[in-house]
Every structure is written in structure tokens, then in C-alpha cells.
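In this text, residue positions in the sequence shown follow our numbering: the first is 1027, and each later residue adds one. Let me begin by presenting the structure, written as C-alpha cells, before commenting on it.
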Amino acid sequence: MQKPVELVSYDPQWPQAFQHIRARLLALVPNALSIDHIGSTSIPGMAAKPLIDIDIVLPGLGHIEEATRVLLSQDYEPRGNRYDDEVWAFLSRGAEPAERVYLCPAGNGTHRNRLAFRDYLIAHPQAAADYAALKRRLAVEFRMDGDRYTAEKREFVDAIVARAGNG
């Protein structure tokens, strides 16, 4: 059974929580090229699921297996390569705030798009407000269907990523 989609108001502690998590992950995965705060918790003022989303960029696909072993040893639950995009997801067990970590190779398009989306919304408050309104509506409409909640945001996200690429 799926957990309900739960949005909470922006927590000004999220950036600090990310910095703490980042330092721990960097010690665990020292060959990471970057560890980036992505998702709604990385956008000041944005309502979000209380979950810190993090991309760990590795030098290449050959580094995914070792990083996976490390995350599994630290009580992260594997969530697979859901979108066939060379990005592997892991969810923390029992961490507060919750963490969703993605491993991706350098040059990965999904990672580039996530950064473009985040940076565009930070720079464009009206687009961020529109996204927040969409999220609130979808969280009510698809409260018990997190996959559908995510899928219904795709068109908006893709339009912002396209705009960011042209900006």
C-alpha cells in the first residue's frame, strides 16, 4: 500500500540538513564529482514532501556498483533505475529528515535537467508559485497515488526545463 502524498510548508532547516547529509555522503563516497540538493526542498519557500532529494554524480557507470554497496551498508533501501536513465535511487531508512539519494554518472541528462529546473524556479518566483499551486492541487487529487502525482507534474517540469535551456 502506498503512503499518502504529504506536502508540508517549506522548512528553512532543509538547506542545513542537506549540508549535513552532504558531508556524510562525501565521506562515504569520496570519488563523487558533486553532491547536489535537488527537488522541491532545494527551492526556498517551496512546499514539498518532507524528503531531501540528493544527486551524487560519479565519474562514470563503473563507479555505481561500489557506491551502491556503500549506500546499502548505511541502511539505504534500493529503489532501482526506474526511468531507464542510468540513475539509481535509494531511500534512507529511519533518517530524519528522510533522504532520497540518486547515483548518476557524469554527464547524465536527468541530473542536468534537475539542476536546470531547480535553478530556474529559484530565479523565477512566478514559475515557482505556479509549480507550488500545481503540486498542492495534485497532492489532493492523487493523495494515495504518488506515482500519478509525480507523472502529472511531468508536463510542467518539461516546459520549465525547456525554458531554462533557452534562457
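Positions of the beta carbon are idealized from the N, C-alpha and C atoms, including for glycine. Only a predicted model underlies this, so the values are computations on that prediction, with no experimental measurement involved.
Asked: Distance CB(I1047)-CB(I1064) smaller than 8 Å; Found: no
Asked: L1033 versus G1191: straight-line alpha-carbon distance, rounded; Found: 28 Å
Asked: DSSP three-state assignment for R1106, whether helix, strand or coil; Found: As written in the sequence, residue 1106 is Gly, which differs from the Arg given in the question. The answer is strand: DSSP assigns G1106 an E or B state.
Asked: Rounded C-alpha distance that separates G1088 from A1043; Found: 29 Å
Asked: Alpha-carbon to alpha-carbon, S1118 and G1106; Found: 14 Å
Asked: Buried versus exposed call for V1127 [16 or more other C-beta atoms within 10 Å across all chains shown]; Found: buried
Asked: Nearest neighbour of M1072, chosen from A1159, I1186, A1058 [CA to CA]; Found: A1159
Asked: Unbroken stretches of the beta strand (DSSP E), 3 residues or longer, contained in the segment 1057–1087; Found: 1060–1064, 1077–1084
Asked: Alpha carbon of D1144 to alpha carbon of W1040, nearest angstrom; Found: At residue 1144 the sequence reads Arg, which differs from the Asp that was named. Using only the alpha carbons, I get a separation of about 15 Å.
Asked: Candidates A1121, I1069, R1050, N1057: closest to Q1152 by CA position; Found: I1069
Asked: Exposure label - K1075; buried when at least 16 CB within 10 Å; Found: buried
Asked: Endpoints, beta strand (DSSP E) assigned at S1118; Found: 1114–1118
Asked: Secondary structure of R1144, DSSP reduced to three states; Found: helix
Asked: 6 Å CB neighbourhood of Y1036 in its chain, flanking five on each side removed; Found: G1071, M1072
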